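Undergrad: Here the working numbering is used: the first residue of the sequence shown is 5, the next is one more, and so on.
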Amino acid sequence: MKVGIDKIGFYSPDKYIDMVDLANARNEDPNKYLIGIGQKKQAVIPNTQDVVTMAANASQKIINDDDKKSIDLIIFGTETGVDNSKSAAIYLQNLLKLNASARAFEIKQACYGATAGLQMAKEYVTNHPNKKALVIGADVARYGLNTPGEVTQGGGAIAMVVSTNPSIASFDGESAFHSDDIMDFWRPLYRTEAVVDGHYSNNVYVDFFKDTWDKYNQMNQLSVDDYKALTFHLPYVKMGIKGLRAVLTEASESKQEELKNEFNFSKIYSENIGNLYTGSLYLSFLSLINNSNDLQSGDRIGLFSYGSGAQGEFFSMKLEQNFKNNDSVEDINSMLNNREKLTIDEYETMFNNWIPIKNVNMNLNWQSDDAEFFLKALKDNQRI
Ligand code: CAA
């Protein structure tokens, strides 16, 4: 029996800044951001969006009436939740009018949360083949104005339906894991922006990738030649390039070219959005299947998930018959092409006044947004 990803939806708000503008404002050479970091544009999250509304906007693109009946597990991966007690999954269940006979909860391990959710969903659906699960990876990546991490911010939500006989990709082999108590990136409860030891985090990421890559290939008797493409958690595009380089030498010259070409398809969405934290790996997977023309059903795709602190997992999936969805391609292209470009001043104001991190006792003006789901106000400590 095949189990895997049946559908993927993506949403990111309709505002962005250009990395050349940011570089100029920060007195950096634009090529540092464009080439050295690998980013072109960065999503800016307005007051009207948080992880719940973004997840609802991503999910409503893919969920039909049948899904509403058969989804009875809702796992919300995030490290920028909206409440220290109530899970974002419960809000989502209500907004999408999902089955009330469901289990809904939130899960956290930095950028790894969605992968933990996906793997739990795999085991649940394997044991209950008539059921489906909804897995979310939604975050707002915030490092702070004028910090080295600023160029690697971003935000948005990925929604995935996991089922038997999936349309997009099925799980293939047992995952390889690695975990260790490491202070590379974290966010104590009193902080709204991450604390990061950036260069150290890059090194740990590559070490965890190599460790899980080797273990996975040994366990499943695979080598680099068995993969059509490798996809990575992309906190910024250059990080994925560093990961890829770490194993390219294991491949023949023609295979190296193929893996580099496919990587270029997998980075297109991320270089225009920035970091989604826990959704980033799946944005890169979606970018690959939506943009590459060389893929076929049966191709094996490697996925490396990394959540600082730190947890790594490498696994692979095989593409299924209907992996490419033209509606998704058009939808995301139009979402990216119709965004409003902000000046750096406008972005800084929006960044400093992002409502979900402000005092929730404020009775705010009723706001609106073109997205189907948006945060209208915070009133009496409740999100409206
Ligand atoms: N033209 C071309 N390239 C240039 C350049 C120029 N004019 N100027 C500099 N560069 C290159 C540098 O050579 C460097 O390349 P390499 O990485 O290949 O050596 C690159 O641009 C970046 O330059 P610096 O290292 O000097 O940049 P920095 O010190 O300002 O910060 C960073 C870079 C550490 C990634 C920082 O942005 C950061 O801390 N980001 C957040 C942390 C992060 O994303 N870590 C990733 C692993 S952790 C993770 O994955 C979880 C997560 O989501 C956070």
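Ideal Cβ placement from N, Cα and C applies to all residues, glycine included.
Nothing here was measured: the structure is a model prediction, and the numbers come from that model.
Check whether the Cβ of Asp33 lies closer than 7 Å to any heavy atom of the ligand CAA, and answer yes or no.
TA: True, at least one ligand heavy atom lies under 7 Å from that Cβ.
Undergrad: My guess is that Gly117 and Gly316 are in contact by the Cβ rule of under 8 Å, so how many angstroms apart are they, rounded?
TA: Rounded, the Cβ-Cβ distance is 13 Å, inconsistent with contact.
Undergrad: Given this structure, state the Cα-to-Cα distance separating Ser291 from Asp76, to the nearest angstrom.
TA: Cα to Cα, the separation comes out at about 28 Å.
Undergrad: Would the C-beta of Ala104 count as close to the ligand CAA, meaning under 7 Å from any of its heavy atoms?
TA: No - the ligand CAA has no heavy atom lying nearer than 7 Å to the Cβ of Ala104.
Undergrad: Pull up the CB-CB distance for Lys6 and Ser174, whole angstroms please, since I reckon it's below 8 Å.
TA: Yes, they are in contact, since the Cβ atoms of Lys6 and Ser174 sit about 4 Å apart, within 8 Å.
Undergrad: Should the stretch 156-169 be regarded as contacting the stretch 295-309, the criterion being three or more beta carbon pairs within less than 8 Å?
TA: No contact exists between the stretch 156-169 and the stretch 295-309.
Undergrad: DSSP state of His182, grouped into three classes?
TA: Here His182 sits in strand by DSSP.
Undergrad: Please report the residue range of the beta strand (DSSP E) in which Ile305 lies.
TA: Note, Ile305: beta strand (DSSP E), Arg304 to Gly311.
Undergrad: May I ask you to verify whether the stretch 280-291 touches the stretch 232-240, counting CB pairs closer than 8 Å and requiring at least 3?
TA: Counting Cβ pairs under 8 Å, three or more are found: they touch.
Undergrad: Short check: CB of Val56 to CB of Ala92, under 8 Å?
TA: Taking 8 Å as the Cβ cut-off, Val56 and Ala92 qualify as a contacting pair.
Undergrad: Do you know offhand how far Leu389's Cα is from Glu324's?
TA: The structure shown does not extend to residue 389, since the chain is modelled only from 5 to 388, so the question has no answer here.
Undergrad: Below 7 Å, is the gap between the Cβ of Ser205 and the nearest heavy atom of the ligand CAA?
TA: Checking the Cβ of Ser205 against the ligand CAA gives yes.
Undergrad: Please confirm whether Ile277 and Gly160 have their CB atoms less than 8 Å apart.
TA: It is a contact, given that the beta carbons lie within the stated cut-off.
Undergrad: I believe Asn103 touches Lys126 by the beta-carbon criterion, under 8 Å. Please report the beta-carbon distance rounded to the nearest angstrom.
TA: That pair is no contact at about 19 Å.
Undergrad: Does the beta carbon of Tyr310 fall short of 7 Å from some heavy atom of the ligand CAA?
TA: Answer for Tyr310: yes, Cβ within range of the ligand CAA.
Undergrad: Whether or not the stretch 255-273 and the stretch 225-234 are in contact is what I'm after, with contact meaning three or more pairs of Cβ atoms, one per stretch, closer than 8 Å; do they touch?
TA: In short, these stretches touch, since the Cβ pair count reaches three.
Undergrad: When the Cα of Lys345 is compared with those of Gly13, Ile388, Ile9 and Tyr20, which residue comes out closest?
TA: Answer by Cα proximity: Tyr20.
Undergrad: With H, G and I counted as helix, E and B as strand and the rest as coil, what does DSSP make of Met164?
TA: Met164 falls in the strand class under three-state DSSP.
Undergrad: CB Ala142 to CB Gly158, shorter than 8 Å?
TA: No, the Cβ-Cβ distance between Ala142 and Gly158 is not below 8 Å.
Undergrad: Tell me, to the nearest whole angstrom, how far the beta carbon of Lys214 is from that of Ala250; I am working on the premise that it is less than 8 Å.
TA: Their Cβ separation, rounded to whole angstroms, is 5 Å, which keeps Lys214 and Ala250 in contact under 8 Å.
Undergrad: Could you tell me which uninterrupted beta strand (DSSP E) segments, each at least 3 residues in length, are contained entirely in the stretch 216-298, listed from first to last along the chain?
TA: The qualifying runs are 233-236.
Undergrad: Ile41 and Thr156 look like a contact to me (Cβ under 8 Å); what is the Cβ gap, rounded to whole Å?
TA: Contact flag correct, Cβ pair sits at about 7 Å.
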